[in-house]
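Numbered by our numbering, the letters in the sequence shown go through residues 245 to 429 in order.
For glycine and all other residues, C-beta sits at the position ideal for the given N, C-alpha and C.
Predicted model, so just to flag it, every value in this text is computed and none were measured.
Here the structure is laid out as structure tokens; the discussion comes afterwards.
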Amino acid sequence: MLLFYIGVIESDDGKRTFEYYYVTYRRHMFAAAQSVLHNESDSEDAVHNAFLGIAKHIDILLSADESKGRCYCIKAAKNAALNIARKNRRTDSSVSIEDIYDVADEKAFEELIEKSEFEEVLDVIRSMDSTYRDTLYLRYVMDIPVKKIAQVLDRKESTVKQQLVRGKKMLIEALSREVMTADGK
245 MLLFYIGVIE
255 SDDGKRTFEY
265 YYVTYRRHMF
275 AAAQSVLHNE
285 SDSEDAVHNA
295 FLGIAKHIDI
305 LLSADESKGR
315 CYCIKAAKNA
325 ALNIARKNRR
335 TDSSVSIEDI
345 YDVADEKAFE
355 ELIEKSEFEE
365 VLDVIRSMDS
375 TYRDTLYLRY
385 VMDIPVKKIA
395 QVLDRKESTV
405 KQQLVRGKKM
415 LIEALSREVM
425 TADGK
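Shown next as structure tokens:
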């Protein structure tokens, strides 16, 4: 299968880079897809779709460091899995605020994100104040650890954690308002 993907890439550097990420992260990507789909066949399809996209945009990995490249690959697999889940109508697109009990609970927050359209979530994050927008984007879109975010934004870890809690609360409220508006309530 690796040869199939490499055939899409023209440059030798691109082929070597792709091969490295394929060999190193395909299992991690499968696990990310499996966490969304809970179906081996669909998860394999998601990883395949992710690798096709990565091969077409290999320049992103060529310019990324190891950490960003890993995040990119895993996010590509997770997004491909979410696309398959939406296509199969396995996820319920309606979410109410009552479904979320603890804003600081990562599992509940990730369930909300999985139930919402990815672009819808990104639109809400983009519309937020830069303090919350930056921390939420780096944490949940780029999958960067809190400690690294604190270094990048030159903030204390405790400040970043508090901004994530507040930002998640605002995101949940905004998504809930959109769901209520869409349902005509």
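Under 7 angstroms between C-beta atoms of residue i and residue j
i	j	result
Ala-277	Ile-318	no
Ser-297	Ala-320	For the record, residue 297 in the displayed sequence is Gly; it is not Ser. In this structure, Ala-320 lies closer than 7 angstroms to Gly-297 by Cβ.
Ile-328	Ala-299	no
Ser-285	Phe-274	no
Gly-411	Leu-382	no
Distance between residue j and residue i (C-alpha atoms, nearest Å)
i	j	result
Asn-293	Leu-281	14 angstroms
Glu-342	Met-414	Below a pLDDT of 50, predicted positions are generally treated as unreliable, and Glu-342, at 40, falls in that range; no measurement from the model is reported.
Asp-289	Phe-295	10 angstroms
Tyr-316	Val-390	17 angstroms
Leu-419	Val-404	22 angstroms
Asp-257	Ile-388	26 angstroms
Tyr-384	Val-409	12 angstroms
Counted within 10 angstroms of its Cβ, other Cβ atoms place residue i as buried (16 or more) or exposed
i	result
Asp-378	buried
Asp-373	exposed
Asn-323	buried
Gly-313	buried
Check: residue i C-beta below 6 angstroms from any heavy atom of the ligand NAD
i	result
Gln-406	The model on display carries no ligand, and the ligand NAD is accordingly not part of it.
Contact belief for residue i with residue j at Cβ below 8 angstroms, rounded distance in angstroms
i	j	result
Gln-407	Tyr-376	6 angstroms
Phe-262	Ile-304	Rounded, the Cβ-Cβ distance is 11 angstroms, inconsistent with contact.
Tyr-266	Tyr-249	7 angstroms
Residues of its chain near residue i, where Cβ-Cβ distance is below 7 angstroms and the 5 sequence neighbours each way are ignored
i	result
Arg-370	Arg-377
His-272	Ile-318
Chain-order list of residues whose beta-carbon lies under 8 angstroms from that of residue i (same chain, five-residue window excluded)
i	result
Ser-402	none
Proximal residues to residue i (C-beta, below 6 angstroms), its chain only, five neighbours per side dropped
i	result
Met-386	Cys-315
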